[in-house]
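Chemist:
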Amino acid sequence: MAAIGRTPFERGDHAEGFLIVTAAADRGLVDIHDRRPLVLTPEAAREWMRQDVTGAEAAEIASDGAVSADDFTWHPVTRAVGNVKNQGPELLAPLSP
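Read the sequence shown against our numbering and you will find it ends at 461, with the numbers running on by one and no gaps.
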């Protein structure tokens, strides 16, 4: 997944942070959300992590190195998935038809 962060974090309060780069939801997720995390191929992720990557290069990596929505398996899940307090493998189980 593509993210942006900075180390060492210089806020002075020892809080760490990052942001997740998103793209428009095209398939699979579009019915519940208009954005999706940008997932990169391993090769693109290595390029993304370079310390000297420019903004233009990052945009190109995001465009050319993104994993297609067709490469994911989509299935309905329970509403419990939407609450970050819920954890566990049962959240990944597809709903029975």
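Don't be surprised by glycine CBs; every beta carbon is placed ideally from N, CA and C.
This one's a predicted model, so the numbers in the text were calculated from it and none came from an experiment.
Look at the alpha carbon of Ala408 and the alpha carbon of Ala433, and state the distance between them as a whole number of angstroms.
Modeler: 16 Å
Chemist: Starting from Arg410, trace the alpha helix (DSSP H) both ways and give me its first and last residue.
Modeler: Pro406 to Trp412
Chemist: Could you say which of Asn447, Lys449 and Leu456 lies nearest to His439 if we only look at CA atoms?
Modeler: Leu456
Chemist: Contact check, Glu411 vs Val417 under 8 Å by CB: the rounded distance?
Modeler: Contact holds; Cβ gap of about 7 Å.
Chemist: In whole angstroms, give me the CA-to-CA distance for His397 and Asp390.
Modeler: Rounded to whole angstroms, His397 to Asp390 spans 10 Å at the Cα level.
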